[in-house]
Structure formats: structure tokens, C-alpha cells
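Below: the structure, in C-alpha cells.
Residue numbers (the numbering used here), protein chains in the order written: chain A, 1 to 114; chain B, 1001 to 1207; chain C, 2001 to 2229; chain D, 3001 to 3409; chain E, 4001 to 4402.
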């Protein structure tokens, strides 16, 4: 699977998507800073985007029709748009949290504890 | 007494050939000047006025240290005098360092506060003086105290701080009496006649 | 991230010189994206994390260009990196006072998370490589990437958003398999998203609005000493 | 060029291409560095003229043109200080981030018919997107210098640049709509011929949009009345207070090259890119007027045209800088939100109705472009659809594209 | 942004918890005029409190005054407000002459008016240029200094110095005007006339300048009087007071035979304001714009005075008169005199005790009181407004710290 020689296929994109996806999840799990978690989410969404584009790209598939056609790219567009909206709301919540508790540390957010 | 600034109703436009109004004699009869003013001042603040000098170039009224605040309050508030602006507060250290001259100086060492007031409406100035002991009940180093007029004229706030900083007079009731020109931790009062420059200040050689 | 070679591909493919440029750039961007993503996880300082994330998303934008999805790549650069991450960095700046800049997570959690992540990664990669259809061109070993279209254009994408699907199948050119007539476009989802965006932004603004609270009084260093000593 | 290298010189394929890639990168880099040097010198001279003094005269012969070289050497020699307590890595990287952002944007800018880094179909969109990234360099610099003042400066500038992208985007959508495509090369081609074909004079709405674009461009590049970031009177040179020497010069070059870029973009979008006011090339018969087959001379002429317009734009920015006082941060924001954006929106609607009423454009003498509506049919009826449609003249995208750009703002 | 709402300062509305910051506009800050340190308590962009720290330029000239003779003190006076040295010298000379009951010759009187009014123009030019610099535009500063250079050349011909003149001294002036000086001064005024319209176009009517200054730092008349402000700061708030007309007889006698109106806004009109740009809509009486505009009008007023002084000076025949000897004895007694300097009313208090050395010298500075009002003006303004307000007060640190 020497990349320099033979052409790039969809599976290579899928690998990259997988790596991004998993680092995103690990980041969400590991980080104690609320914004760190947010960044994890961004990575996860990007992983998904790479897969969408991989399936929808005319270039990678060689002769056969790409499985998703343009839908892949459109899905990626909508993912990007919604990620922006999601980030806005998440940030608003974080700032509120910061205002009330003077801390951004996720572990300390235990008001609902019994 | 009160020296009148310029003619009473000075038109805003000075006439090219305006006749210089004859300078109001000190003892002029306007309500603002002359004995009438003095009587009304003494009536308002009993025991306030201690002495006057009407012949000097700038006639002044001497006021007892305790009555400074009341006199100033009356001068500021009463409608016909209405001194709404304090021009300057000065502290003069009457002390002759070397004994020979001190003998024939003719006055005993004391500290004198001079207030210059100005009325923007009547365009008239007034000089108030008050005598203070050089040091509070004569222990050298402890500055004398007098009531602060910062409450009456806001400009007195900084002027009193400068007098405290350079001549060493504590103004009781001043909102924020700190040194204004010299550094916060400077010792001594530079404008005193017997002031010695410190040897060094934070390592900087003084003398 | 930006010097996409989508245009040059046909010429490159022809150049027999052995070096597959598309692969080279893909490798470059992929490595960049992945290493920076890992760096985001490893970094402690939240500002550095944000910075690595910006670079990694830039690299993925490069990947999109490579995959021929130019419009999505530009969109990613503008909306995602230029908009969302600037928002994120604003959030970081507002909250990154000294105590919270780098919050350490105990090592035990990190190891545990690493293990779980590694397992998930193995599964995914195995799935990615297994599918015969996906590794497509590798199987055929066809003459590299036969890019049919000359200059990729964003027009079909635009048209699709307006509701007319003109793409059909790029290479073979036959209509979409099932019903033969043109599939419906994305007009409805497109409008929904725009309304959704509006509602979300209004909500976020409402959430983060200024709240009336008793000010904590004039505490803090007394002005006269200037607090600057 | 590549074929020549491969056949005659016999270089292996991949080496030639990497050489060519490096060459084009260096070309653009020189444009930026050289441009920055020229503009530094020009700024000194222009400000001198405005302030009734001479400006540099002694360095290098009569006009002091070596002055910027002397500055460059001085900056190189200066020691690159870094405040302690600053975040080392971010501090070092910040200037390069903002430099690369404006550098990358040059790839999309067409200098003559075929002289463009990369003919992207989403050219304008790409350039605006990359311009938006310059803000990261500023924020990082402000944060990394660990001083309260530079943080203030960085926050102000970031808020300003991000908020000015909205009206900037809206102003750019109008010429895109008129040309029907985001591809800068096609937009410039459509404005060939006499200057009346320029989009500036296409209709009154676009004329107003041009001036709104100029204000937003000046603001998004942080120049003249909007240069809050380095408002000397308040924040002592804003975010790049702590920088000195080479790093500072990168910020400086980034600022000048993005100034050149923004005025270049204005030239392409509104002032007919490489088409001169009078189509000399066509008159002399050098090119057949459609801009298709153009010889080297015509391209050179085109290059001169665009460079002239862009430098004119930069000089105007300098002129504004030395005459107008600075606006306060909240006034800057209100001009953006209360004035630029609504005006741009109204003008956009106006331009759209104008296009609907006069499809060929009133002044457009040779009505080359097809109406947007026809494009849609062109796509539909062709069985093979795509392939046939693509082969003929570059495809005019439907106004739908404008909506995407609209929504995505 | 946080705003103080429904006038209970305790309830402050703020959106993101930004702890209040103490920001230090240090002594070496480019915008403050000289070494003035401002400590601002800011919450985000809003300045809630400001504390000026002065004393960095304190040389204690008053102590020196107690060790040298009255005429030897002149060089110290023109180093107090170094932008208007002539007016300072005039103030001190008149105070000493008042104590010594001295009367200068007619020719000296007219020459003093001429020179002090030219000094006022030079000082206002610097004030205007530096104010443009505070608001971010660099060019007016250079235009102002180009004109000021011409005045300084004239001063250099008259007294040899360009900044610290010591030209007006006790008992008259150190030297008479060189021949041809009056023609050159006339020529300067001629070419200066149209340039003033340039300044108006460049600053006063400039939309951005108006936006940055109108309605900013509004000083009410009674607060101005209470804080002892004077000069353009006082007249900018509408108080009709000008020492050249309302001052002590010895000072107003100097301006006898001169026609001039005080540049103050009375019932909505400035004197002869038909020739100058109208007051912008959102300019409130007492704001930065009005203070700036009063200075610009005073330049024109001073030009009229200089023209009248040139006629009167060339008309009168008498000798110039000799200043007093350096070690002249000064009579016992104390005297206080305030003169109208460009920055405001500069007062000198002098106590003589019969010897040549005064017993006590006291200089009351106008900028000292003008600056004390800064804390009042800057409540709730933006950071960017602080230099605008400080610039409009036109303070000089040499005069404040003495």
C-alpha cells in the first residue's frame, strides 16, 4: 500500500477520518477543560466530514460512480454549518458556567450531585 | 479689604478708548467693600476676624485658625459675597534661621496660610490670612493642623495636598491627604526655612 | 493546505516519472492533520490546543481540496476555521485566566483513554481496508486517477442546493439508478439549516447575555497606591 | 515550460514539477516582499508629501529609494526579544501564521489572462476565507506577549476584522452575481473592452457597493481610521508591542501584502482586473478581444494594468491614513453593523433587481454572457449533461451559488 | 460592555465576568503631554475611575525663588509653561512691578501686549497639533509646528531665544525690536490668515474628529468654577471670564485701548462666529470640541490684538525704558497677581522683606487645577476617550509640577 506509487483510494481517506475521529473522542474523554471537550467535538465532526467527502468525491473513485455522488459534499456542507451553530451554543453555555462558578474545570461541575 | 477687579458692569466688549475705571478705593462704599462688608463678616462669624490691613497693595483680612472653615463657608455661600472660586492657597514659613537676624526681625516665628478667593460673578478678589504655630504645640516635626476647605471648593483638594507636601500643614477633614509632588515616602517639608535636604534617597546622593 | 493540485492531476497522471503527486500531497496533508490532532490531545495549555486545532482543520481543508471537493474545502476554511474556531479562541481568551490555562488530567485517566481509543482505531482501520468497493482504484490498478471532468466546478453543487440534481453519475453519465428521473435537490434542508442557524445564534446570544448582578463593590487595590508598585 | 524541461534537460518528471512549484511559490513571495519594500518607501514619501516635508532623500541616490532596504537591514540586525512569561512557541509562530495567511491568498489572484497561481473555481470564496485566517496570527501574538496592553489590542483587532468580514462578503457577492461565477479569471474576462464594461459602471448599485467594499477592505486590513490595534495614543502599538526585529517585519509585510491583495481584489472585481480602461490590445489587433488567445505582450500589458490599479488602491489607503483621525472601537463597530452591512444588503437586492430588469446590462455593449436562466436549461437537457456543458466556454454558475455564499456568511 | 444603569452605581450590569483591571498609562505614555501617569481602573473598555499621579517634573522653583533676586527668577518662570514662556515672564514681571509700584513706559506696554499675544498663538498651535496627535492623525501636528517655527524665528530675532526667552522682565523688556521686525511680523500674519481655515477643515469640521470629541468629557460651568479651572477650559464651559478684561487693574491697564471680545459661547453664539464653521449638532457646551474651538477662536483674537499692538507700538514715540537692576531692592509687603496665560490663569504670589531677595515666591498654575478636574470627567468613559479628554485640557507638566 505504498502511497507514493499507486494512486490514493477512498480507503486512505477513511483511515485519516478514523484517526481524526478517535483522537476527537480521546480528547473529549481526557480533557478537564470545558473548551478542551469542545475541541474534541470539533475533531469528531471533522473525522466524519472527511469520510463524507471521501465517499462523495469524483476524483478518488477512478471509473466507477462515486457511491454518494454530490450528496457526500452536500452532507459535509451541512455538517460544517451545523457545527458552527453547535459551537456557538456550547460556548454560550461554557461562558455561563464560567460566570456562575468562576471555573471552567469540568470535574467541578457537580451541582446536580445528590 | 476687597479690591475690585475692574469696573462693576464691565461690558464684554472693551471700548477702544475705554476710560480706565478709577480703581475702587479700598474703602469704597460698594456693598462688597468697606466697613459694611467687614461688619457683615463679623456678624456672620463671631470672633472670626482677628485683624485687617486695608492699606496694603492687596488688603487682607486675618482670620482665627479655628474659624477658617466657617468664614470660608460663609464667603462661599452668602449670596452677596459669593466667592465661588478659590484661586490659591499658600503657606509662608516666617522663621529666620540665624539668630542675629531673628532678633531684629520684628515677628516671632510662625506659619502663615494665605487664601486668595475670587468671585466670578462680581469679579472681585479677597485675601484671607491665618497664623498657625510652626509645629503642633511646639514639638518639631509634627505639622500644625487647620480645618480643610476641600468640601467648599473642590480645587482646594489638590492645593491643600501641595501645601501639606511642601510646607507641612495637616488639613483636618481632607478626603485624601497625601504628598502630591514629592514621592510618597519623602521625609521633611522642602519649603520650610530650616529644611535640610536628606543625605540620600533610596541610594541617590542628596547632599 | 491550499495549493490543491486538482487541476494538475490529469497532466500529472500522465507524467510517468513514478512519483504520484496526488499521493504525495495527500500524505502530506493527512500526516499534518493527524499529528496535529494528536497534539491537540497531548497539549496541556488550552491556547496551544486551540492553535493546533486550527492547523489540523486547515490541513483537512487541504484534504478536501485534494478530493476535488473545492467548495467544501473553501467552506471549511471560511466557516469552520475562520468562524467557529475564532469563536472558540474568543472563548478561550475570556476564560483562560491563569488558574485554568493548563489543567492537568491525572495520568491514570490518560492511559485508560488511550487504550480505549487505540482499540476503537484498530476496528475502524480494519473496516476501512476490508471493503473491496472502497479500495476501488487500488483493486483496478487503473492508470491512476482518470479524472473525467476538466475543471471541477462548483455549479452542480450550487444547483443541487437550489433543488435541481444535475450530477447524475460523473463518470458513466447514466441517470441515477432507481427512478430514472432527477433526484430531488436539497432546497428544503437548505432553508431549514438557515432558519436553524438563525434560531441557534439568537439562543446563544440570549444565553450569554449580560446579567444584572450586584457589582462586587469597589474592591481591588486602592487606586492611590496605583497597585502598580 | 514543464515539457521543455523534461524533453531537453531530461530532468526526471517529479523533479521538474517540484522545481516549478517552488518557482511559483518564490515568485509570489518576491511579489509580497518586493511589494512590501516598495510600499514602505511609498508610505514614507506619501506621508511626507501630505505633511509638507520631503521624506527620505539621502539613502541611495536622490529619492531615498534604498530607505526600505536600510530598514530591512536594521530589522534583520535587531535582536528578536521575547518577554519572559510569554508563551515561547506561540510567540514565535504568530507572525508566520499571519504572513502565510496573506501569502496563501495570493494564489487565487489573477494577474493577467493566464497568469494566476491556481485557477480555482471558487476563487473569490477561497481568497476571502484565507484573508479571514490572518486574525489568528494577531490573536496569538496578543495573547503570547503576556502583556495586558497587547491582549487589549489583539482582542479589539480580532473583533473588528471578524465583524468586517460580514459586509466584505456581502459586497463581494454582487460582482460574483453579475459575472455568474466565483472564478476570478472569468470575472475579469467579462469586464474586457472599454472601461464602461467594468462592473463599477454596470449599475448604480454596484457603484455604491464598490465604496462600501473599499471601507470594509480598509477596516479588515486595519488601516487608516480603523487602525485600532496599534492606536498609539491608547495602547502603545497594540498587539505587536513586544515584537522587534525580523518577527515584527513579518507582521509588517503581512499588513502591506494584505493591503495590496485587497486592492488587487477590488481591481479584479470592480475595475476589470487586467483590462485597461482602453482596450489597446484589441485595437492594435494583438488579441481577438475575447481574451482567449493572448500573446506575451498582451499579458504583460494586463499585468501592468492590474499592478497599476492595485498600487493605486494602496496609495489611496496611505492617503486616507495620513489625513483622518482614528475612530473609537465602538464607533468602528457601529459603522460596521449599522452602516456597512445594511447598505451592502440593500445594494445587493438592488443589483439583483437591476440584473433581472436589464439582463444584458444597460451599458454592456457586447452582450457575451448568457442569461443566468439559460444556464439551468443548459444543464438539464444535455443527456450527458455535465461533460458536454463543461467543454464549451467556462460555465456560468447559476445565481444559486450566490445564495450559498449568502447563507454561509 | 457594562453600563451603570438606573443610577444606582451598586448595580452594574456586566455580561462576562471580567475582573476589574488596574491599567497604568505610565509616565512615558506617548499620548499624555509630558510625564503624567494615569492609573485607570477599567472594566473591559469602560474606565470607572482615574487617578493622575504628578510630580515627575517637580524642581521646586519656589524654593529657588527664595534664594535669588526677583529679576534673576525670570528664567525660572519661562521654564514653567515652556510652550508659552513669554506669558509666564509677563505674569512674574507684572507681579513684581505691582509690589514695587512701578509703571512701564507706553512703548514697553504695547510691545508687551504684542509679544505675549504672539506667544499665545504659538502655544495654541502646539495645543491644536498635539490634540490631533492624541486622536491619531499625524499631519495637523506638523502643519501646526510649521507655523510655530515662523513665530519662533520672529522671537529669536527679538530676544535671541526660541523657547526660554526671558525677554519680558521686571521694569520693561531686555531689548527693543530689531528694525524690519514689524514688517516680517505683519507678513507672517498675512500668510497665517488662510491657513487657519485649513486647520478648521482638517480638524474642527472633520466628521471623525467631531465624533471623537463632541459630547465627550462634558464639564459643567459650576463644576469648572468649583475646580478652579481657567482659560479655554473655563470658557469652553460657557463661563465668560478673561483676566485681560476682568483681571487686576495693573493687568487690564495693559490692554487699555485694545478692542477684543472674549471667545466664549453666549446664548448660542461665539463672537464673530459667522466666519467660522458652525457648532456641530451633537456638541454639548463644555465638551472637548468646545474647548478646542475656543482655542482656535483665541488664535484669531490674538492675531487682531497683535495687529492693533503693531499699530500702537509704531505710533508711540517714547523711549522703551530700562528694566530694573538685577539686585534691585524690593519693598516689604505681599502681592498676588493672576494673568491670562494660554493654558489659563497663572498666578504669582510674592512676599518681599526689603532686601533684594524675596521672602516667599508662589506660582499658582492653571494646568494644575485644570488637570484636577480630569477624575471628574473620565467617569464611565472609554479608554480611547481618556487621551481625547487629557488633550482637550491642554496641560503642560512643567507648569503643574513647577
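Beta carbons: idealized from backbone N, C-alpha and C, even for Gly.
It should be emphasised that the depicted structure is a prediction, and the values quoted were computed from it without experimental measurement.
Residue closest to residue i, alpha-carbon to alpha-carbon, out of the options
i              : options                           : result
residue 1129/B : 1091/B, 1038/B, 1191/B and 1169/B : 1091/B
residue 3245/D : 3023/D, 3041/D and 3071/D         : 3071/D
residue 2057/C : 2155/C, 2204/C, 2085/C and 2162/C : 2085/C
residue 3307/D : 3110/D, 3215/D, 3075/D and 3014/D : 3110/D
residue 1202/B : 1117/B, 1183/B and 1191/B         : 1183/B
residue 4391/E : 4056/E, 4194/E, 4071/E and 4212/E : 4212/E
residue 1038/B : 1066/B, 1071/B, 1057/B and 1056/B : 1071/B
residue 1180/B : 4385/E, 4369/E, 4232/E and 4377/E : 4369/E
residue 18/A   : 2060/C, 2046/C and 2201/C         : 2060/C
residue 3105/D : 2077/C, 2030/C and 2127/C         : 2077/C
residue 3327/D : 3354/D, 3265/D and 3218/D         : 3218/D
residue 4398/E : 4364/E, 4169/E, 4125/E and 4162/E : 4364/E
residue 3151/D : 3206/D, 3140/D and 3274/D         : 3140/D
residue 3044/D : 3309/D, 3068/D, 3127/D and 3271/D : 3068/D
Own chain partners of residue i with C-beta closer than 7 Å, once the 5 adjacent residues on each side are dropped
i              : result
residue 4309/E : 4110, 4113, 4114 and 4117
residue 3074/D : none
residue 14/A   : 51 and 54
residue 2072/C : 2064
residue 2039/C : 2052
Sequence-distant residues of its chain with Cβ nearer than 6 Å to residue i (five each side left out)
i              : result
residue 3233/D : With a pLDDT of 46 at residue 3233/D, under the threshold of 50, the modelled position of that residue is not reliable, and the figure given next carries that caveat. Once the five neighbours on either side are set aside, residue 3233/D has no close Cβ partner at all.
residue 107/A  : 32
residue 2036/C : 2052, 2055 and 2056
residue 4345/E : 4230, 4243, 4338 and 4366
residue 1089/B : 1115, 1159 and 1163
Terminal residues of the beta strand (DSSP E) in which residue i lies
i              : result
residue 4053/E : 4046-4053
residue 3227/D : Careful: residue 3227/D lies outside any beta strand (DSSP E) and carries neither H nor E.
residue 4339/E : 4333-4341
residue 4349/E : 4344-4352
residue 4363/E : 4360-4364
residue 1080/B : No beta strand (DSSP E) contains residue 1080/B, which DSSP labels as neither H nor E.
residue 1146/B : 1145-1147
Residues bridged to residue i (per DSSP)
i              : result
residue 1119/B : 1124/B
residue 1244/B : The first residue shown for chain B is 1001 and the last is 1207, placing residue 1244/B beyond what the model contains.
residue 1111/B : 1093/B and 1132/B
residue 4021/E : 4042/E
residue 3204/D : DSSP output for residue 3204/D lists no bridge partner at all.
residue 4269/E : 4266/E
Terminal residues of the alpha helix (DSSP H) in which residue i lies
i              : result
residue 3126/D : 3123-3144
residue 2208/C : Taken as a continuous stretch (DSSP letters only), residue 2208/C belongs to no alpha helix (DSSP H), as it is neither H nor E.
residue 4393/E : 4385-4393
residue 1171/B : Element bounds for residue 1171/B: not the alpha helix (DSSP H) but the beta strand (DSSP E), 1170-1172.
Proximal residues to residue i (C-beta, below 8 Å), its chain only, five neighbours per side dropped
i              : result
residue 1014/B : Here residue 1014/B scores only 36 on pLDDT, less than 50, and its place in the model is too uncertain to base an answer on.
residue 3096/D : 3137 and 3250
residue 4261/E : 4271, 4272 and 4301
residue 4353/E : 4332 and 4359
residue 1199/B : 1205, 1206 and 1207
Whole-number beta carbon distance between residue j and residue i, since they are thought to touch under 8 Å
i              : j              : result
residue 4373/E : residue 4223/E : 7 Å
residue 4350/E : residue 4335/E : 6 Å
residue 2946/D : residue 3154/D : With chain D covering only 3001 through 3409, there is no way to say anything about residue 2946/D.
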